[in-house]
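This report refers to the structure that appears directly beneath it.
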Amino acid sequence: MAIGCSSQKDTFTNRLYHNVTAHFNAYFLAKEKIDEAEKSFSDAYQEDYSQVLPVFLPIDSATVDKNEETLEEARELAAKAIDWHRISNWVDDSYYLIGLIDYYEAQTDDAINTFKYLNVESENDEVRHRSLVQLLRIFIDQRKFDNAAYVIDFLSKEEEISKENKRILYKTLAYYYEIRNETDGLIAALEKTLEHTSDSKEASRLYFTLAQLYQRAGFDAQAYSYYQNAMDGNPPYERAFFSQLYSQQVAELEKSKDFKKVRAYYDDLYKNRKNIDLRDVVLYEKALFELKQNETEEAIRLLHKAAQEQGKNNKQKGYIYQKLAEVYFNQKEDYQSSKYYLDSALQNFKPTDNSYNALMNKKEVLDNFTFNYEIIQENDSLIALSKLSQEQQEEIADKFLEKEEARLLAEAEKKTDKRNANIFNNLLAFGGNGSAASFYFDNPTAIQQGEIEFFKSWGNRALADDWRRKSSGYQPGSGIENTNTNIDSVKTQDTNTQISSSLPSKESLLANIPKDEKAISKLNDELESAYFELGKVLFFDLARPDMAREYLHDLIQKYPDSDKKPEAYYTLHLIEEQTGGNADYYANRLNKEFPESPFTKSVNNPVEKSSGTIANKNASANYSKAYDLYQANDYMQSRQIIRSTLDNYPLTSVTDKLLLLDIMIAGKIDDQKIYKKRLEQYINTTKSADLEKMARNMLIALTGEKETEKTDNENNLAAADSLARQDQQLEEDTSTDSLKTESIYKINPNQTHIFILAVAPEQIDKSKNLTADMENFHNKNYPNSRLRTGSLSFTRERSIVLVSPFSNAAKALDYRNKFLTEFKSQALSEEIKKSSFVISLENFQQLNKRKDIPEYEAFYKASYQ
């Protein structure tokens, strides 16, 4: 064999030796190691079947770190396959494995270089195609959609791609559409992936994902069929359970009017011993059903019960508490309880989970509300108590402790396991009530009573050994920590929260009551600030002008000398304007009491669009910054700039734009109920026809209702600013600080472009030959361009026909000109042909999100024609 060992001599014997050795030794072992690591990644991930399954399983960096040794062994083996067997056919495959290892270890630049090298240098199409697909995945990870589109376009022109590479390619395309939130493309790509998938377990997961997408899109029949298919291929029990649960929902439960039958179905699932680990899911789904029947209290009871179940998936607990937070926020308008449920939800989510950022943004608002609300509750009570005599204070403390003791015992009684007396109970050591648990440690009531009695005798005593107690000189009742809990505002624990301590001491309650004017003054300062901040948070963040008005009135009445009074008047002025009240009343109060205040000047001298004041320039510049942050998805920073600008420059030429941008942010991070209410209020109060039209379009997109009145073309938004036009005079006055263009759409003539023809959906159905006519047109006029034609359901009123790709705007416009003059089809009128336009890939992403073709057409006419 020695004569076949040389890696330099390219003879038949050498090649045969190195091919066999590289394949079945180094490369094979390296691949085995990578498969081992990938299985570890998969095992570490817990599927969340209540959400649409991700196309690719997320890989936790901590799991990668645990497999570092395995991956490095794979790297060494792959390197040996390259170094020792240079003339074998497995060198490129080994390079691919090294690129894959770099990808897993987050050495992204090295991975990109490796895959690019293989695309250029490899003569093995199998490896080259696989490298391009992996390169595509990296670009999608990095959100470099232009690069991704280039790779997609390149691969679309490749021939003889193997079935396995097609499977991975279509799956990666599904990932592309998933990241871009394009459901139609995601479904189509997953369907294609399924066609090329032979593994039954993988097919089961794809069927389940497609079923979820079809269910959410309202295609129940297709969803039912795919849920049934997902149960084939011996899937994990959890997937089979959710497939059965959701298939019944789309087939029967959602349509059944026999509510007793539906409830019985959930009860049977709950009783099934196979579902012990999934009982929290069953209760959660039943609670959602009860919410649809407006049985709010029953839904809350079921959600509390679901939270007590052991469960298998922490995320499910997160969804349970998230739903409780939503119910208390929307149905009960109890923002304080909603905040605490939201805290519990966040404890069960990771920062990488989809819900996390939105919940954190909402939490910030609710934290602000709760902080100030609890200050008012607590400080008001303490100040009221400070005015009573010592005897009255002690009497109230005694009554509170008595009431709290009864509450704790009642909660413990609820937890007691009721059972019938029988002969075995009499054998227990302590005997007792035959209707409840007899053994002491099985009886929550007895345990709670014991805790209370111990606390009364010994106080809040920490566990310690005898020598520690002696050395510390411990005395009964000593060491009791003061709490911040006042008598009237002790927070009632939720029934699903275990009682970790019994009662506060009487001394600690009395110690919280202020004894001198300095302490009372401090409480009043906190109250003054809390009334003011609570009024603002209710108006600006929670869209509750009615409640905001009450707290601001209380501020003015209780603290008439407050330095926050001018801004309170101004906020009340805005509230009255928004609700159609007497806004002039607060304008007059500002003029009378604070004639020099900037808030008064803002009310008296509203800034016209043609003015060039410093306030106007600064507000406009801040608007531009806030808008850029909004586009970058940094919603909280954008909102902070908006709020600060509105505070400092209450009335400028961009005030309405700032308010609408703030509402747009609400649409991203706040509850839909708040978003809808703020849009409706804005539509009724804005004086800008352009902004009113845009707000109406946003409301239509939210509710699905059609606009009843048409708006003149004059009111369309100008291309350079999708929120509102900057007045020419303003631009002249601020020439030294020219404002940044605020357009949603960007001019990029060198980017890949698409030709779009927008038609009514029924027109596409009637003209089945339209795409065929277009293909013939392409074959005749563009035989070597490999143009692709497709159609997409865009909105309820319009579908679009797309032709792509064009490497730049000039080529796309040349195509449109030829299309207008030479393309003929009986199904297409000249008017519709003239409405066609071209759009860059980047702008198409925005258009697909906003669904506002007239808005883009305005930009197109200004930029391309």
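Take 385 as the starting number for the sequence shown in my numbering and just add one per residue. Idealized CB from N, CA, C, for every residue including glycine.
{"query": "Whole angstroms are fine: how far does the CA of Glu-682 sit from the CA of Glu-674?", "result": "7 angstroms"}
{"query": "Would the stretch 494-507 and the stretch 427-438 be scored as touching if the rule is three or more Cβ pairs under 8 angstroms?", "result": "no"}
{"query": "Rank Ser-588, Lys-1164, Leu-1204, Ser-1219 by C-alpha distance to the C-alpha of Arg-1182 and give the top, closest one.", "result": "Ser-1219"}
{"query": "Check for me: the beta strand (DSSP E) holding Ser-1247 runs from which residue to which?", "result": "Counting along the chain, Ser-1247 falls outside any beta strand (DSSP E), though it belongs to the alpha helix (DSSP H) covering 1237-1248."}
{"query": "Which same chain residues end up closer than 6 angstroms to Phe-1178 when comparing Cβ atoms and leaving out the 5 residues on each side of it in sequence?", "result": "Ile-1184"}
{"query": "Please report the residue range of the alpha helix (DSSP H) in which Ile-1025 lies.", "result": "1019-1032"}
{"query": "When burial is assigned at 16 or more other CB atoms within 10 Å of the CB, is His-469 buried or exposed?", "result": "With a pLDDT of 44 at His-469, under the threshold of 50, the predicted position of this residue should be treated as unreliable, though the coordinate-derived value follows. That one is buried."}
{"query": "Have a look at Ser-1188 and Thr-1205 and give me their C-alpha separation to the nearest angstrom.", "result": "19 angstroms"}
{"query": "Alpha carbon to alpha carbon, how far is Lys-942 from Tyr-970? Give it in angstroms, no decimals.", "result": "17 angstroms"}
{"query": "Residues in its own chain within less than 6 angstroms of Gln-1024 by CB, not counting five upstream and five downstream?", "result": "none"}
{"query": "Apart from the five residues on each side of it in sequence, which residues of its chain come closer than 8 angstroms, Cβ to Cβ, to Glu-622?", "result": "Glu-431, Tyr-433, Leu-662, Lys-696"}
{"query": "In terms of alpha-carbon separation, which member of Asn-756, Glu-1064, Ala-1242, Val-711 lies closest to Tyr-915?", "result": "Asn-756"}
{"query": "Could you spell out the range, first to last residue, of the alpha helix (DSSP H) harbouring Val-475?", "result": "475-488"}
{"query": "Taking Lys-976 as the reference, which of Pro-950, Thr-963, Gln-962, Glu-910 has the closest Cα?", "result": "Pro-950"}
{"query": "Just the C-alpha distance for Ile-522 and Ala-1003, rounded to the nearest angstrom, thanks.", "result": "40 angstroms"}
{"query": "Less than 8 angstroms between the beta carbons of Ser-770 and Pro-888, yes or no?", "result": "no"}
{"query": "How about Leu-597 and Thr-577: are their beta carbons less than 8 angstroms apart?", "result": "no"}
{"query": "According to DSSP, is Val-1038 part of a helix, a strand, or is it coil?", "result": "coil"}
{"query": "Quick check on this structure: which residue in Lys-701, Glu-758, Asn-732 has the alpha carbon closest to the alpha carbon of Tyr-719?", "result": "Glu-758"}
{"query": "Rounded to whole angstroms, what's the CA-CA distance from Glu-693 to Arg-600? Just pull it up for me.", "result": "27 angstroms"}
{"query": "Starting from Ser-1209, trace the beta strand (DSSP E) in both directions and tell me its first and last residue.", "result": "Taken as a continuous stretch (DSSP letters only), Ser-1209 belongs to no beta strand (DSSP E), as it is neither H nor E."}
{"query": "Kindly indicate which residue of Leu-553, Tyr-487, Asp-530 has the alpha-carbon position closest to the one of Glu-510.", "result": "Leu-553"}
{"query": "Identify the residues that DSSP records as bridge partners of Thr-1173: which are they?", "result": "Val-1187"}
{"query": "If you reduce the DSSP assignment to three classes, tell me which class Val-987 lands in.", "result": "helix"}
{"query": "With DSSP as the reference, label His-1137 as helix, strand or coil.", "result": "strand"}
{"query": "Taking the alpha carbon of Asp-737 as the reference point, which residue from Glu-679, Leu-441, Ile-545, Ala-709 has its own alpha carbon closest?", "result": "Leu-441"}
{"query": "I think Ile-1067 touches Ala-1079, with their Cβ atoms under 8 angstroms apart; what is that distance to the nearest whole Å?", "result": "5 angstroms"}
{"query": "With H, G and I counted as helix, E and B as strand and the rest as coil, what does DSSP make of Val-1222?", "result": "strand"}
{"query": "Output the distance between the C-alpha atoms of Ile-485 and Ala-1196, rounded to the nearest integer angstrom.", "result": "40 angstroms"}
{"query": "Taking Lys-585 as the reference, which of Ser-609, Gln-606, Ala-572, Ala-614 has the closest Cα?", "result": "Ala-614"}
{"query": "Decide yes or no for the touch test of the stretch 1005-1013 against the stretch 1036-1045: beta carbon pairs closer than 8 angstroms, at least 3 of them.", "result": "yes"}
{"query": "Taking only the alpha-carbon atoms, compute the straight-line gap between Ser-445 and Asn-732 and give it to the nearest angstrom.", "result": "19 angstroms"}
{"query": "Grouping DSSP H, G and I as helix and E and B as strand, with all else coil, what is Lys-993?", "result": "The pLDDT assigned to Lys-993 is 38, lower than 50, so where the model puts this residue is not dependable, and the model offers no usable value."}
{"query": "Might you give, ordered along the chain, the residues of its own chain that have their beta carbon closer than 7 angstroms to the beta carbon of Ala-729, omitting 5 neighbours on each side?", "result": "Gly-702, Tyr-705, Gln-706, Ala-709, Leu-743"}
{"query": "Determine which residues share a DSSP beta bridge with Val-1143 and list them.", "result": "Ser-1183"}
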